[in-house]
Each structure stands twice: as structure tokens, then as C-alpha cells.
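What follows is a single structure, written as C-alpha cells, with notes after it.
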Amino acid sequence: MAQQTDFIVIGSGIAGLRASIALASAGSQVTVLTKAKASDSNTEWAQGGVAVVLSDDDNAELHEDDTLEAGAGLCDEQAVETLVTEGTKYILELIDWGTEFDREGGKLVFTQEAAHSRRRILHAGGDSTGKEIVRALIARARQETTINLLPFADTEKLLINDRRCVGVRYADPILKSPRDIFAKAVVLCTGGAGQLYLHSTNPPGATGDGIAMAYFAGAEIADMEFVQFHPTALSVKNAPRFLLSEAMRGEGGVLRNAHGERFMSKYDDRLEMAPRDIVSRSIVREMRRTGTRNVYLDMTSKTEEFLVSRFPAISKTCAYYGLDISKDMLPVSPASHYCMGGVRTDLWGRTTIPGLYAAGEVTCTGVHGANRLASNSLLEGLVFGARAGEAAASDSLNIQVEESSDETSSYGSLSAKVSTAVRKRVKRGMWEWVGIMRDEESLSRAYAEFRQISRAKLSNASRNFVTNALLVARAALWRKESRGGHFRSDYPERSDELRVHSIQEGDKEIDSAPRISF
Ligand code: SIN
Numbered sequence: 010m011a012q013q014t015d016f017i018v019i020g021s022g023i024a025g026l027r028a029s030i031a032l033a034s035a036g037s038q039v040t041v042l043t044k045a046k047a048s049d050s051n052t053e054w055a056q057g058g059v060a061v062v063l064s065d066d067d068n069a070e071l072h073e074d075d076t077l078e079a080g081a082g083l084c085d086e087q088a089v090e091t092l093v094t095e096g097t098k099y100i101l102e103l104i105d106w107g108t109e110f111d112r113e114g115g116k117l118v119f120t121q122e123a124a125h126s127r128r129r130i131l132h133a134g135g136d137s138t139g140k141e142i143v144r145a146l147i148a149r150a151r152q153e154t155t156i157n158l159l160p161f162a163d164t165e166k167l168l169i170n171d172r173r174c175v176g177v178r179y180a181d182p183i184l185k186s187p188r189d190i191f192a193k194a195v196v197l198c199t200g201g202a203g204q205l206y207l208h209s210t211n212p213p214g215a216t217g218d219g220i221a222m223a224y225f226a227g228a229e230i231a232d233m234e235f236v237q238f239h240p241t242a243l244s245v246k247n248a249p250r251f252l253l254s255e256a257m258r259g260e261g262g263v264l265r266n267a268h269g270e271r272f273m274s275k276y277d278d279r280l281e282m283a284p285r286d287i288v289s290r291s292i293v294r295e296m297r298r299t300g301t302r303n304v305y306l307d308m309t310s311k312t313e314e315f316l317v318s319r320f321p322a323i324s325k326t327c328a329y330y331g332l333d334i335s336k337d338m339l340p341v342s343p344a345s346h347y348c349m350g351g352v353r354t355d356l357w358g359r360t361t362i363p364g365l366y367a368a369g370e371v372t373c374t375g376v377h378g379a380n381r382l383a384s385n386s387l388l389e390g391l392v393f394g395a396r397a398g399e400a401a402a403s404d405s406l407n408i409q410v411e412e413s414s415d416e417t418s419s420y421g422s423l424s425a426k427v428s429t430a431v432r433k434r435v436k437r438g439m440w441e442w443v444g445i446m447r448d449e450e451s452l453s454r455a456y457a458e459f460r461q462i463s464r465a466k467l468s469n470a471s472r473n474f475v476t477n478a479l480l481v482a483r484a485a486l487w488r489k490e491s492r493g494g495h496f497r498s499d500y501p502e503r504s505d506e507l508r509v510h511s512i513q514e515g516d517k518e519i520d521s522a523p524r525i526s527f
């Protein structure tokens with residue numbers, strides 16, 4: 010039995026919650042489908058903070074310049090301007106809604122992260138920024154009686170009718186069977202695909218379903234080759250790659266190799282505060298040079314008292330693994346962290362499919378270019394989540410919900426999870442062949458492997474997962490240069506001719522677009 014609502018939002022991170030609030034404020038019924046609990050999202054795991062222009066020595070131009078510089082020539086300037094100028098308003102609104110960012114003597118405190126020319130990162134609970142933002146947004150969303158949160162509902166595909174997105178097919182957690190729900194429009198806020206890699210800082214749900222579903226629906230997917238690897242994930246055998254926030258280096262942490270030598274001066278004048286792609290590659294080179302599996306983050310110049318209050322969650326997790334962050338060298342290595350590419354949108358979250366909007370990490374708005382500036386992603390989710398919600402509401406004023414779609418396949422069996430075999434093969438292939446450093450040979454091997462996997466009979470979830478891998482490998486093969494998060498050891502330089510976005514759409518050959526606004 011099909012259901013109807015005014016709007017469907019998929020995902021309950023910062024973008025999904027903010028989009029839902031915008032839609033409900035416009036008087037609509039909103040159904041929010043989310044894979045796990047409403048609070049389980051990439052946002053919830055965000056430690057370091059949110060970049061915003063609010064301190065006395067900062068201004069929007071400086072934030073814009075830093076973002077453009079990090080983006081290595083591929084940012085959309087209008088998108089960046091929108092982010093930094095509207096960001097302040099939306100953060101003040103979040104504070105108004107009860108978000109408690111850390112303060113000293115009543116004044117907001119700002120930390121430093123790599124490639125920022127100012128201390129402009131707000132944080133909460135020391136290193137639990139995302140958790141506090143999600144808490145405040147869920148509380149705000151609960152005041153809207155027209156928002157219906159539906160947890161543990163995996164979305165399997167988008168429903169299209171005559172080229173318009175009209176709903177989704179999802180795994181109903183109560184009926185334990187697939188079900189269709191129809192709406193005036195759908196807003197995708199499903200987050201990124203960090204779980205494609207063997208080592209990732211992302212939660213288990215970051216499997217890129219939104220990107221694949223949009224691709225199968227015919228939407229344009231941009232810049233998938235740009236993957237950000239975070240330099241400092243805790244590297245303890247058999248433990249998940251827990252993030253050791255960049256703010257730790259911002260507060261004075263240094264990196265040392267297996268011989269105890271501080272090594273970043275060999276690679277970049279900005280030392281530990283160089284952009285993430287540079288620090289990650291420097292760590293890999295140092296690990297190869299010394300024949301080790303990790304380097305070390307050294308926080309011993311800071312007092313225990315400072316570290317425990319500034320980084321409470323990190324101190325606790327490290328202690329669980331027998332590490333005292335004020336005394337021990339902390340073993341770290343890079344892990345996949347953020348996808349710069351995704352579903353191509355305009356400045357209002359509109360994708361190339363009418364009725365389908367998107368916001369947050371699932372998108373490529375042009376804000377991040379080839380490399381995201383640290384702590385810009387929560388801001389992006391907030392600003393573009395609100396804008397996508399507003400645009401979906403106003404664009405749909407004359408749209409009626411209709412229960413009809415082009416979908417011909419019957420409901421298959423309930424198989425909303427990626428199979429273990431597919432997960433293992435994809436994760437290993439992505440890590441070994443499509444990782445921090447790639448080349449023609451490794452990428453071709455990866456592409457062939459993922460093609461072979463995709464030819465088998467797969468559940469929708471497994472097909473979505475391997476499709477993300479194919480999209481990344483294909484774009485990385487196509488981009489014969491190194492730029493931002495994409496480093497080809499066979500093409501180590503940046504090429505002016507390739508200052509374009511990679512666009513993938515259906516079965517067409519990979520294409521390029523010089524600009525992202527449309
Ligand atoms: C961190 O805390 O290092 C992550 C912040 C980010 O990815 O923006």
C-alpha cells in the first residue's frame with residue numbers, strides 16, 4: 010500500500026533537519042526517512058566544529074578567500090559567497106534555537122584549523138560539535154507538528170514519473186517490507202560515501218546511497234574523483250578509525266615519525282597546518298620511508314587539564330585504547346573522510362531532475378571545489394539545507410501528489426543492506442587502487458573489479474554501493490592531473506585545461522563542464 014506526504018526528506022543530519030524545518034515552516038507535511046535513529050548521522054560524529062565569520066578580526070572575504078584557495082581552482086565563487094555570507098545568519102539562528110557553542114567568560118571561543126587564515130571554528134562540548142547541533146535541531150524539529158520522523162527506514166530507490174521525481178521506495182521498518190511513498194518533491198540529504206574505503210572516519214551508514222539513487226534516476230553527478238582523506242585517524246589494530254580532530258593540531262599538536270622526528274617541515278612550510286591533502290600524502294610518504302603503518306600525533310606540550318576539557322570525547326576514546334593523550338604518542342594514519350563530489354545542484358539545491366533537491370555532503374554545490382576547507386561542511390549543510398527546503402516548497406506550490414511512477418519492477422525481497430562480500434571487495438579495492446595516491450594502472454584495475462562486481466545479481470543496496478565506487482574510479486581515471494583531493498602519481502601536476510568539473514550522467518561518456526551554476 011502506497012503512502013502520500015507533501016515532501017520527503019531523506020536523511021537526518023544537519024542538512025536534512027534544516028531542510029525539514031524550512032519545509033514545515035512553509036506549512037507542509039514532511040516525512041523524514043532515516044536509516045537508523047534520527048540522531049545517527051555524519052553530523053553527529055563531527056568533532057572539530059563549524060567555520061563561521063563571527064569573530065572581531067574576521068570577515069566574509071577572508072573566509073571566501075581561504076575556501077577558494079583550498080578548493081584548488083574548482084570552487085563555484087557564487088556558491089562560496091552564499092556559504093560565507095549567509096552562514097553567519099544561520100549560525101546565529103542555531104544559537105537562538107538553543108545550540109550551546111563553547112564560550113569563555115560568556116564570549117564564543119574560536120579554534121584554528123588547517124588552511125584558515127583566522128581562528129573561526131566554533132565548537133561545542135569541546136570536541137562534540139555535531140552532537141550538540143543535532144540535539145538542538147532535533148529539538149527544534151520536534152516543535153513542528155508536521156514533521157514526521159521515520160527512523161530505521163532504508164531508502165532503496167527514487168520513483169520517477171515522466172522525468173519528475175515523485176517519491177521513493179523504502180524498506181518499511183514496521184511492515185518489514187518495501188513500500189512506496191509519494192510526494193510533491195524529495196530532498197536528498199543522505200550524506201557521503203566514506204564507507205567505500207577500508208579505512209574511514211565515517212559512521213557505518215555513509216554508504217553513498219543518495220548519490221547512486223540520484224544517478225540511476227538520471228541526475229548529473231559531479232566531481233566524484235575528489236575524496237578527502239583526513240590525516241589523523243587513530244590507528245590501533247582491530248579498532249575503528251576514530252577521528253583525532255584537526256583542532257588538536259590547531260591547538261599545538263605536532264606529527265612525528267616512527268623515529269620521533271617532526272617531519273612536516275620537509276613537505277610544506279605550513280607544517281601541520283598545511284591543507285589536509287598535503288598532510289595526508291606527507292604522512293603516507295613518511296610511513297613508506299620508515300616502513301611503518303602509522304605516524305604519531307604528539308600532544309604532550311599541552312597539560313592534561315587543558316586536553317581533557319578541550320577534547321573530552323577524544324581523551325576518553327584514547328583512554329579506552331590505553332592511551333593517555335597528555336603523555337603518550339598517539340598512533341595515527343589517514344582515512345577517508347569526505348566526498349567533495351556528488352549530486353550536482355544549483356544554489357537552491359535543485360538537481361537536474363525536477364522534483365529532486367539535495368543538500369549536504371551528498372551534493373556537489375561547488376562550495377568545496379577539489380578540496381574542502383576544514384569545518385566548512387556543517388556550514389554547507391545548514392545553509393544549503395535551508396535553501397533546498399525553501400526552494401522545494403516554493404517551486405511546488407502548483408504541484409499535486411500523484412501515486413504513479415515509471416517503476417515497473419515489483420517489490421523485491423527486503424534487502425536494504427550491502428552484502429558482506431560486496432562491501433569487502435569494494436572497500437579493499439577502493440583503498441588499494443583509488444586511494445590517497447592513484448595512477449592509470451591502479452585505477453584501471455579498480456574499474457575492472459567494480460564492473461565485474463556490478464554485473465552480478467545484486468540487491469539495490471549493494472548495487473548502490475558498487476555504483477559509487479564505479480563513479481569515483483571512472484572520474485579518477487578521466488582526470489589526468491593532480492588537484493586537491495585527487496592525486497595521480499602518473500600526472501603529479503595541475504593542468505589548466507582540466508580546470509573543469511567531471512560530469513557523469515547515465516550511460517553517457519564522462520563529460521566535463523566549465524562551471525557549476527546553471
Ligand atoms: C576534524 O575535526 O578534524 C574534522 C573537521 C572537518 O572535517 O571539517
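In terms of this note's numbering, the sequence shown is residues 10 to 527.
Think of the CB as a built atom: it goes at the ideal place given N, C-alpha and C, for glycine as much as any other residue.
The ligand SIN heavy atoms versus the CB of L32: any closer than 7 Å? no
Identify which residue in K489, G57, K166, F238 has its Cα closest to the Cα of W503. In the sequence as presented, Trp is not what sits at residue 503; that position holds Arg. When each option's Cα is compared against that of R503, the closest is K489.
Which listed residue (R151, A328, C373) has its alpha carbon closest to that of M349: C373
Considering only DSSP beta bridges, list what A228 is partnered with. DSSP output for A228 lists no bridge partner at all.
Leaving out five residues on either side along the sequence, give the residues of the same chain with a beta carbon under 8 Å from the beta carbon of D404. A194, R359
For the ligand SIN, enumerate in chain order all residues having a CB closer than 5 Å to any of its heavy atoms. Q56, G57, S254, E255, A383, S384
Straight-line CA distance for S386 to D189? 31 Å
I519 beta carbon less than 8 Å from that of R464: The Cβ atoms of R464 and I519 lie no closer than 8 Å to each other.
Taking Cβ positions, are F474 and V431 nearer each other than 8 Å? yes
Please report the straight-line C-alpha distance between D105 and F315, rounded to a whole angstrom. 28 Å
Would you check if there are 3 or more beta carbon pairs closer than 8 Å linking the region 87 to 107 to the region 381 to 399? The region 87 to 107 vs the region 381 to 399: in contact.
Is it right to say H268 is buried, meaning 16 or more other beta carbons lie within 10 angstroms of its own, or is it exposed? exposed
At the level of alpha carbons, what is the spacing between G96 and L159? One Cα belongs to G96, the other to L159, and the distance between them is close to 28 Å.
Quick one, which of R271, C174, D355, T52 has its alpha-carbon nearest E412's? Comparing Cα-Cα distances from E412 to each of R271, C174, D355, T52, the minimum goes to C174.
Could you say which of D277, R302, T301 lies nearest to S291 if we only look at CA atoms? D277
Alpha carbon to alpha carbon, what distance is there between L184 and Y206? 33 Å
Would DSSP call K284 helix, strand or coil? The sequence as given places Pro at residue 284; Lys does not occur at that position. Correct three-state label for P284: coil.
N- and C-terminal bounds of the beta strand (DSSP E) containing E7: The question about residue 7 has no answer here: the residues shown for the chain are numbered 10 through 527.
Roughly how far, in whole angstroms, is the beta-carbon of H72 from the beta-carbon of V59, given that I think they are within contact range, below 8 Å? At roughly 12 Å, the Cβ-Cβ gap does not stay under 8 Å, so H72 and V59 are not in contact.
Only counting runs of 4 or more residues, tell me where the alpha helix (DSSP H) segments fall wholly within the region 308 to 333, in order along the chain. Under the rule that a run must span 4 or more residues, the alpha helix (DSSP H) segments found entirely inside the region 308 to 333 read 313 to 319, 321 to 329.
V236 beta carbon less than 8 Å from that of G494: Against a cut-off of 8 Å, the Cβ pair of V236 and G494 comes out as a contact.
Between the Cα of D232 and those of A379, P340, G262, E313, spot the shortest distance and give me the residue it belongs to. Relative to D232, the option among A379, P340, G262, E313 whose CA is nearest is A379.
Quick one: what's got a C-beta closer than 7 Å to S48's C-beta in the same chain, skipping five residues either side? V143, I147
Apart from the five residues on each side of it in sequence, which residues of its chain come closer than 7 Å, Cβ to Cβ, to R302? S244, M296, S342
Which same chain residues end up closer than 6 Å to N266 when comparing Cβ atoms and leaving out the 5 residues on each side of it in sequence? F272, E295, T299, V304
Residue burial classification, A344 (beta-carbon count within 10 angstroms, cutoff 16): buried
4 or more residues per run - each alpha helix (DSSP H) lying fully within the region 95 to 140: You should have found no qualifying run.
Counterpart residues of I23 in DSSP-defined beta bridges: Per DSSP, none; premise fails for I23.
Quick one: grab the DSSP three-state call for I30. The three-state secondary structure of I30, taken from DSSP, is helix.
By the 10 Å Cβ neighbour count, where 16 or more other Cβ atoms means buried, how is D65 classified, buried or exposed? When all chains shown are included, D65 counts as exposed.
Could you check how far apart the C-beta atoms of A242 and T216 are, in whole angstroms? I think they sit under 8 Å. Between A242 and T216 a beta carbon distance of about 18 Å is seen, past the 8 Å cut, so the two are scored as non-contacting.
Taking only runs that begin and end inside the region 354 to 393, name each unbroken beta strand (DSSP E) of 3 or more residues, in chain order. 365 to 367
With C-beta atoms as the reference, is G351 less than 8 Å away from V371? yes
Out of A150, I169, P249, which has the shortest C-alpha to C-alpha gap to G364? I169
Proximal residues to R127 (C-beta, below 7 Å), its chain only, five neighbours per side dropped: S64, D66, D67, L71
Could you tell me if D505 is buried or exposed, where buried requires 16 or more neighbouring beta carbons within 10 angstroms of its beta carbon? exposed
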